[in-house]
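Undergrad: Chains as they are written, first to last, in the numbering used here: chain V, 1 to 117; chain E, 1001 to 1117; chain D, 2001 to 2117; chain P, 3001 to 3117.
Beta carbons are placed, not taken as given, at the ideal position from N, Cα and C, and that holds for glycine.
Because the structure is a prediction, the values reported are computed rather than measured.
Sending over a structure as structure tokens; questions will come in a sec.
Number of protein chains: 4
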Amino acid sequence: MAVARPAIYLIPVGGIERQVKKMAHPGYVDEKEAVQKRLRRIEGQVRGLQRMVDEDRYCIDVLEQVSAATRALQSVALQLLNDHLAHCVADAVKSGGDEAKAKLDEASEAIARLVRS
Amino acid sequence: MAVARPAIYLIPVGGIERQVKKMAHPGYVDEKEAVQKRLRRIEGQVRGLQRMVDEDRYCIDVLEQVSAATRALQSVALQLLNDHLAHCVADAVKSGGDEAKAKLDEASEAIARLVRS
Amino acid sequence: MAVARPAIYLIPVGGIERQVKKMAHPGYVDEKEAVQKRLRRIEGQVRGLQRMVDEDRYCIDVLEQVSAATRALQSVALQLLNDHLAHCVADAVKSGGDEAKAKLDEASEAIARLVRS
Amino acid sequence: MAVARPAIYLIPVGGIERQVKKMAHPGYVDEKEAVQKRLRRIEGQVRGLQRMVDEDRYCIDVLEQVSAATRALQSVALQLLNDHLAHCVADAVKSGGDEAKAKLDEASEAIARLVRS
């Protein structure tokens, strides 16, 4: 089975051409709308935080909303990671060889970053 | 020394009148612009995440940016908490009595929420 | 390829017969001595904490050692998880079918517990 | 009010004389037995982990117990921190001056370490 390999595109990021990995089918492709909906809600939470600070709201109440936004971001991360394991990593494992090991190592590093952040 | 007590206002939140605590001098009052700057940057990071998902960027690259936004939110939380301890809690402790104990307990709960999120 | 399925044994745990999953080859089988060495060191850290408390050592110094022990436990968790993905989950993915999905879901739940603890 | 200042003792740590802060009254002095009880239970959890690994128990079951031990360590940290805020930091705040600022900064750093571990 063919592993989805990222294509390398040159796309302008902030006016500067930069190499980025764009994929035909990232792990989250079937959940894209759900992920975007979560991210828009988190953007709303962060704008809500700015309003709270602007209104001199009580520190502890602001902190509670920061914790809520942090948890929401962690949930997005867990969803992306699950999709990645179930698709990108699983496909690489079925293909076997170096690609399998590389994808497993990369996933482990992402999990470590997540646990420590 | 007078403890800064939050005033209770009725302000409309999402169309519903809701009691919120607004303070003349929240702990972060002197850092307000710095906090807002951080929050605006985090809002930009979350919008950047939506662009990445829209462009089918590679899962691991998206995850890395989610971790960065999470760490940025935690830094805001730590700043708010420090300001809260150094002002609101410190003022209550100097005044003593029940207010001091209440503020210390409230801060402890906020720290626990932060550690567990 | 055969997936390593856990055998169900009845072993006495604290005097009560309890079903536990023992495996011929858990994911960490090749790293067993390394894992045990880390766990013995953590046990030593926790005993060191008891000594510090017994000696009335300064709160912040005790807290620093608690953070060190927590990070050490997280490192063990990450190692166990990596071994689990690279062996148990990878084997199930190669076999395919329901077992693959079950193992991926189970791993996702373990990652979520880890991120939130 | 007198702030509890740590005395500096020379005690042998691992055969080497090392300066350590021992206090007449650390913040946790009234909770010492409760803290020790929690630490002894965590030591038992870590020994239980070694038994599980020795018995080739299933990775996910071992991971669940690692998460439990991690959460237990975090609870000890939160208790130590609360006691520290309510006693050492509060006493320094009442005394005022540089000592107050130093203790608040030190507590903030400990909270940051905790949140990020």
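If we define contact as Cβ-Cβ less than 8 Å, is P:S3108 a contact residue for chain E?
TA: By this cut-off, P:S3108 is an interface position.
Undergrad: Would you verify that the beta carbon of D:K2094 is, or is not, closer than 8 Å to some beta carbon of chain V?
TA: D:K2094 counts as touching chain V.
Undergrad: Give a yes or no on whether 8 Å exceeds the smallest Cβ distance from E:K1115 to chain P.
TA: The displayed chain sequence assigns Val, not Lys, to residue 1115 of chain E. Taking Cβ atoms only, chain P reaches closer than 8 Å to E:V1115, which makes this a yes.
Undergrad: Rounded to a whole number of angstroms, what is the C-alpha to C-alpha distance between D:R2057 and D:R2038?
TA: Approximately 25 Å, taken between the alpha carbons.
Undergrad: Report yes if the C-beta distance between D:V2035 and P:V3053 is below 8 Å; otherwise report no.
TA: Yes; because the gap between Cβ atoms is below 8 Å, this pair is in contact.
Undergrad: From D:I2096 to V:G96, what distance separates their C-alpha atoms?
TA: Rather than Ile, the amino acid found at residue 2096 of chain D in this sequence is Gly. Roughly 14 Å separates the two Cα atoms.
Undergrad: Any chance you could list the alpha helix (DSSP H) runs of at least 4 consecutive residues sitting entirely within the region 3034-3084 of chain P, in chain order?
TA: Taking only runs of at least 4 residues, the alpha helix (DSSP H) segments lying wholly in the region 3034-3084 of chain P are 3059-3084.
Undergrad: Using the Cα positions of P:M3001 and E:K1094, report the straight-line distance between them to the nearest angstrom.
TA: Caution is warranted here: a pLDDT of 42 is assigned to P:M3001, below 50, making its placement in the model unreliable, and the coordinate value is therefore given only provisionally. Taking the straight line from one Cα to the other gives about 11 Å.
Undergrad: Suppose you measure from the CA of V:V186 to the CA of E:K1021; what does that come to, to the nearest Å?
TA: In the structure as shown, chain V starts at 1 and stops at 117, and residue 186 of chain V therefore has no counterpart that could be examined.
Undergrad: Alpha carbon to alpha carbon, what distance is there between E:C1059 and V:L81?
TA: Their Cα atoms are separated by approximately 8 Å.
Undergrad: So, does the CB of D:L2104 fall closer than 8 Å to a CB anywhere in chain P?
TA: Answer no: the Cβ-Cβ gap between D:L2104 and chain P never drops below 8 Å.
Undergrad: Do you know how far the Cα of V:L73 is from the Cα of V:I42?
TA: One C-alpha to the other measures close to 7 Å.
Undergrad: Look at the alpha carbon of D:V2089 and the alpha carbon of P:V3046, and state the distance between them as a whole number of angstroms.
TA: Looking at the two C-alpha atoms, the distance is approximately 25 Å.
Undergrad: Going along chain E, which residues have a C-beta under 8 Å from P:L3078?
TA: Under the 8 Å cutoff, chain E gives S1108, I1111, A1112 and V1115.
Undergrad: Let's see if you can read the secondary structure: which residues bound the alpha helix (DSSP H) around E:A1024?
TA: First-last for E:A1024: undefined, no H or E at that position.
Undergrad: Given a cut-off of 8 Å, decide if E:A1112 and E:L1085 are closer than it, judged by their beta-carbon atoms.
TA: Not in contact: E:L1085 and E:A1112 (Cβ atoms no closer than 8 Å).
Undergrad: What's the gap between the Cα of V:Q79 and the Cα of P:A3077?
TA: Distance between the alpha carbons of V:Q79 and P:A3077 is about 30 Å.
Undergrad: How should P:A3110 be labelled, buried or exposed, when 16 other C-beta atoms within 10 angstroms of its C-beta is the threshold for buried?
TA: With 16 or more Cβ atoms within 10 Å of its Cβ, P:A3110 is classed as buried.
Undergrad: Do you know how far the Cα of E:D1030 is from the Cα of V:R40?
TA: Taking the straight line joining both Cα atoms gives about 30 Å.
Undergrad: Tell me, to the nearest whole angstrom, how far the beta carbon of P:R3071 is from that of D:S2117; I am working on the premise that it is less than 8 Å.
TA: That belief holds up - the Cβ atoms of P:R3071 and D:S2117 are roughly 5 Å apart, short of 8 Å.
Undergrad: Check whether the Cβ of E:L1073 lies closer than 8 Å to any Cβ atom in chain P.
TA: No, E:L1073 lies away from the interface with chain P (no Cβ there is under 8 Å from its Cβ).
Undergrad: With 8 Å as the threshold, decide whether the Cβ of D:G2097 is near any Cβ in chain P.
TA: Cβ-Cβ to chain P under 8 Å: no for D:G2097.
Undergrad: So, helix, strand or coil for P:S3095, using DSSP?
TA: Note: P:S3095 maps to helix in three-state DSSP.
Undergrad: Identify each residue in the region 2048-2075 of chain D for which the Cβ-Cβ distance to at least one residue of chain C is less than 9 Å, and report them in chain order.
TA: Among the chains of the structure shown, chain C does not appear; the protein chains present are V, E, D and P.
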